[in-house]
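Numbering (the numbering used here), first residue to last: 4 to 263.
Here's the structure, in structure tokens; my notes come after.
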Amino acid sequence: MNASEDSLAPEVRSILDAARERPGGDEPVAVTARSFPDAVAATEAAGRIPVVAEVKPTSPTTAGERTDDPVELAREMVAGGATALSVLTEPDHFGGSVENLRRIREAVDVPVLRKDFVVNESQLDAVESDLVLLIARFLGDDLSDLVTAATERGFQPLVEVHDRDELGRALDAGADIIGVNNRDLATLAVDLETFESVAPHAPDDVTLLAESGVMSAEDARRMRAAGADALLIGTAIMDGDVRANTDRFSNATAKTELSE
Numbered sequence: 004m005n006a007s008e009d010s011l012a013p014e015v016r017s018i019l020d021a022a023r024e025r026p027g028g029d030e031p032v033a034v035t036a037r038s039f040p041d042a043v044a045a046t047e048a049a050g051r052i053p054v055v056a057e058v059k060p061t062s063p064t065t066a067g068e069r070t071d072d073p074v075e076l077a078r079e080m081v082a083g084g085a086t087a088l089s090v091l092t093e094p095d096h097f098g099g100s101v102e103n104l105r106r107i108r109e110a111v112d113v114p115v116l117r118k119d120f121v122v123n124e125s126q127l128d129a130v131e132s133d134l135v136l137l138i139a140r141f142l143g144d145d146l147s148d149l150v151t152a153a154t155e156r157g158f159q160p161l162v163e164v165h166d167r168d169e170l171g172r173a174l175d176a177g178a179d180i181i182g183v184n185n186r187d188l189a190t191l192a193v194d195l196e197t198f199e200s201v202a203p204h205a206p207d208d209v210t211l212l213a214e215s216g217v218m219s220a221e222d223a224r225r226m227r228a229a230g231a232d233a234l235l236i237g238t239a240i241m242d243g244d245v246r247a248n249t250d251r252f253s254n255a256t257a258k259t260e261l262s263e
């Protein structure tokens, strides 16, 4: 365990340890990806906020579990205006699976992000998706190689960062879709000021996502004002009617608060 890993919250270290034990695919995949930047641009042209709605059965930071058919949840999110979907494929801590992602991607026509904790190249080959999450803090010096390997397969890498140093490493690795995670993986605390402090340093040609902590229409507007091209929202959409929740966030440009 390196010094960076030693500072991770115990729950996050457990996720990372489990990720290292999971096998990858047998052969490299070849993906024909649906363009996420094009989908973001189309949503903005329609006057709505680009929302990446997350199919997340459970997580270490939320209570309870959604047992609905993930495909039906995904369809409802798209019907509610989701620009793209994020699908958890991590099985041990988030209740996800690669089979869920396969089924969802076949059922919808929006870009689908595979949200998992990829730590080696073979794990990219577990399933096809349009985007794949690569977490800068987990990958360290391997980030550039994983970005290249993902791109060569046709994926659009979404590189997750938390501070300016990680943003610099993501840019050096060639990332042009970057998510700023408002959750600190060392403490699990969420602070929207994280995005506000990092976003000004991202080049204009990067597609920038705000991740974690968007719980209200006010939060959505705040992240957009700070420079977010899109918002990745999990808990606040999964908690209740996913179609209605997605619609409210997508249309949060009006100064009305989400209903509880």
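Cβ atoms here follow ideal geometry from the backbone N, Cα and C, with glycine treated the same way.
Residue i burial status per 10 Å Cβ neighbour count (16 or more: buried)
| i | result |
| --- | --- |
| Asp232 | buried |
| Thr210 | buried |
| Ala178 | buried |
| Ala173 | buried |
Residues bridged to residue i (per DSSP)
| i | result |
| --- | --- |
| Val193 | Arg186 |
| Glu163 | Ile138 and Gly182 |
| Val58 | Val90 |
Residue i and residue j closer than 8 Å at C-beta
| i | j | result |
| --- | --- | --- |
| Val193 | Gly216 | yes |
| Arg25 | Gln126 | yes |
| Val1 | Phe158 | Within the shown structure, residues of the chain are numbered from 4 to 263, placing residue 1 beyond reach of any answer. |
| Ala56 | Val122 | no |
| Leu188 | Val15 | yes |
| Ala77 | Ala42 | no |
| Val130 | Val101 | yes |
| Met246 | Glu79 | The question names Met, but residue 246 in the sequence shown is Arg. A contact, by the Cβ cut-off of 8 Å. |
| Asp128 | Gly28 | yes |
Span separating the alpha-carbon of residue i from that of residue j
| i | j | result |
| --- | --- | --- |
| Val81 | Ala87 | 8 Å |
| Gly99 | Val135 | 15 Å |
| Thr154 | Pro160 | 7 Å |
| Glu3 | Glu214 | Outside the modelled stretch of the chain, which goes from 4 to 263, sits residue 3, for which no answer is possible. |
| Ile180 | Arg156 | 16 Å |
Pick from the options that is closest to residue i, judged by C-alpha positions
| i | options | result |
| --- | --- | --- |
| Ala85 | Leu116, Glu30 and Val150 | Leu116 |
| Pro94 | Ala12, Ser253, Ser17 and His204 | Ser17 |
| Asn286 | Arg140, Ser219, Asn185 and His165 | Here the chain covers residues 4 to 263 and nothing more, so residue 286 does not appear. |
| Gly243 | Asp20, Thr70 and Ala44 | Thr70 |
| Ala12 | Asp208, Thr190 and Met241 | Thr190 |
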